[in-house]
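Enquirer: Residue numbers are given in full-length UniProt numbering: position 241 of the sequence shown equals residue 241, and the series is strictly consecutive. Encoded as structure tokens, here's the structure I'll be asking about.
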Amino acid sequence: MGRIIAIANQKGGVGKTTTAINLSACLAEKGKKVLAIDMDPQGNMTSGLGVDKDSVEKTVYDLIIGEAQIEEIICKEVLENLDVLPTNIDLSAAEIELIGIENKEYIIKNEVEKVKENYDFIIIDCPPSLSMLTINAMTTADSVLVPIQCEYYALEGLSQLIHTIELVKERLNSNLEIEGVVFTMYDARTNLSLQVVENVKDNLNQNIYKTIIPRNIRLAEAPSYGMPINQYDPKSSGAESYRLLADEVIEKEE
Ligand SMILES: Nc1ncnc2c1ncn2[C@@H]1O[C@H](COP(=O)(O)OP(=O)(O)OP(=O)(O)O)[C@@H](O)[C@H]1O
Ligand SMILES: [Mg+2]
1 MGRIIAIANQ
11 KGGVGKTTTA
21 INLSACLAEK
31 GKKVLAIDMD
41 PQGNMTSGLG
51 VDKDSVEKTV
61 YDLIIGEAQI
71 EEIICKEVLE
81 NLDVLPTNID
91 LSAAEIELIG
101 IENKEYIIKN
111 EVEKVKENYD
121 FIIIDCPPSL
131 SMLTINAMTT
141 ADSVLVPIQC
151 EYYALEGLSQ
161 LIHTIELVKE
171 RLNSNLEIEG
181 VVFTMYDART
191 NLSLQVVENV
201 KDNLNQNIYK
211 TIIPRNIRLA
221 EAPSYGMPIN
231 QYDPKSSGAE
241 SYRLLADEVI
251 EKEE
């Protein structure tokens, strides 16, 4: 049965989408059946996995407004073992559409339940906000994986995020756990990256992944080719590190 992991941090640009794309692709490469769900209206996970977000007929938005069933929306075998639930800018209207709707926190959960059995892992990319879209991801998920960028303000907003996760656990999804934090954009040439990692380790009482994602230009280039890193540059340090992260995620599951 599928383990559902939401990749969340309301801080922008910390590597959520890069992690969601490449963790999904590396899990699939290792033979796991994966569904990647894009909950961010920016649709960067969708396009980064090679799906043309502007030509897909139906998206997560249609699920939210009840105009489609999940099976109709899934783009199958985008890569071997990897399906995608696509999104585009239409989803930015979802917040408004949800006003006054009953059980609006569970719309995605109820749809994902129908297909969960078909997958080993379901990875959800969240938008950079603690919005109803993120709440929908957290009610659907078994756990939340938090990317932390190795920069000076790394811990900013983290207590808010943890508080949100705890509230969701208390009120909406008692199964929810914090999967752990993963450091991203680590720059071995600066002391700052090292200091941030040490500081977070000292101050954060959460599981921290051993794998640290380095700053690697190939990771930033890959999305414009619609490819995850293991396809775009399989031997790059970015590809190697996301494979190791996938190993850790699989290990934790077992
Ligand atoms: N390890 C890395 N090395 C180099 N560039 C990276 C790395 N990780 C992410 N980037 C780049 O940093 C930028 C932000 O990354 P990404 O889009 O994954 O963050 P995000 O948290 O999803 O952002 P948002 O909050 O807007 O959704 C992107 O241009 C991405 O290509
Ligand atoms: Mg993103």
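Positions of the beta carbon are idealized from the N, C-alpha and C atoms, including for glycine.
If the criterion is Cβ atoms closer than 8 Å, does the pair Ala20 and Met138 meet it?
Expert: Along the sequence shown, read from residue 1 onward, the residue named residue 20 stands at position 20. Along the sequence shown, read from residue 1 onward, the residue named residue 138 stands at position 138. No, these two residues do not count as a Cβ contact at 8 Å.
Enquirer: In the DSSP output, what is Leu79 paired with across the bridge?
Expert: Within the sequence shown, numbered from 1, the residue matching residue 79 stands at position 79. Per DSSP, Leu82.
Enquirer: To the nearest angstrom, how far is it from the Cα of Ser236 to the Cα of Ile213?
Expert: If you number the sequence shown from 1, residue 236 lands on position 236. If you number the sequence shown from 1, residue 213 lands on position 213. Going by the C-alpha atoms only, they are around 12 Å apart.
Enquirer: Does the Cβ of Gly226 lie closer than 7 Å to at least one heavy atom of ligand 1?
Expert: Here residue 226 refers to the residue found at position 226 of the sequence shown. Not under cutoff, so the answer is no.
Enquirer: What does the Cβ neighbour count give for Ala222, buried or exposed, with the cut at 16 atoms within 10 Å?
Expert: Within the sequence shown, residue 222 is the residue found at index 222, counting from 1. Classification of Ala222: buried, given that the 10 Å Cβ count is 16 or more.
Enquirer: My parser needs the beta strand (DSSP E) runs of 3 or more residues fully inside the stretch 135-171; what are they?
Expert: Here the runs fully enclosed are 143-149.
Enquirer: Just checking, does the stretch 199-219 make contact with the stretch 15-30 on the three C-beta pairs under 8 Å criterion?
Expert: yes
Enquirer: Starting from Ala6, trace the beta strand (DSSP E) both ways and give me its first and last residue.
Expert: The residue labelled residue 6 in the question sits at position 6 within the sequence shown. Taken as a continuous stretch (DSSP letters only), the beta strand (DSSP E) holding Ala6 covers Arg3 to Ile7.
Enquirer: Going by beta carbon distance, what residues of the same chain come within less than 6 Å of Asn207, once the five residues before and after it are set aside?
Expert: For the purposes of this step, residue 207 is taken as residue 207 along the sequence shown, with counting starting at 1. Non-local beta-carbon contacts of Asn207 in its own chain, meaning distances under 6 Å to residues more than five positions away in sequence, involve Gly180 in chain order.
Enquirer: Report the partner residues of Pro214 according to the DSSP bridge assignment.
Expert: Working through the sequence shown from its first residue, we reach residue 214 at position 214. Tyr186.
Enquirer: If I measure Cβ to Cβ from Ala239 and keep anything under 7 Å in the same chain, skipping five residues before and after, which residues do I get?
Expert: Here the question's residue 239 lines up with position 239 in the sequence shown. Excluding positions up to five away in sequence, the list reads Ile229, Asn230 and Asp233.
Enquirer: For Gly12, does the three-state DSSP call read helix, strand or coil?
Expert: Looking up residue 12 in the sequence shown gives position 12. Note: Gly12 maps to coil in three-state DSSP.
Enquirer: Beta strand (DSSP E) containing Leu35: first to last residue?
Expert: The residue given as residue 35 occupies position 35 in the sequence shown. Counting along the chain, the beta strand (DSSP E) containing Leu35 begins and ends at Val34 to Asp38.
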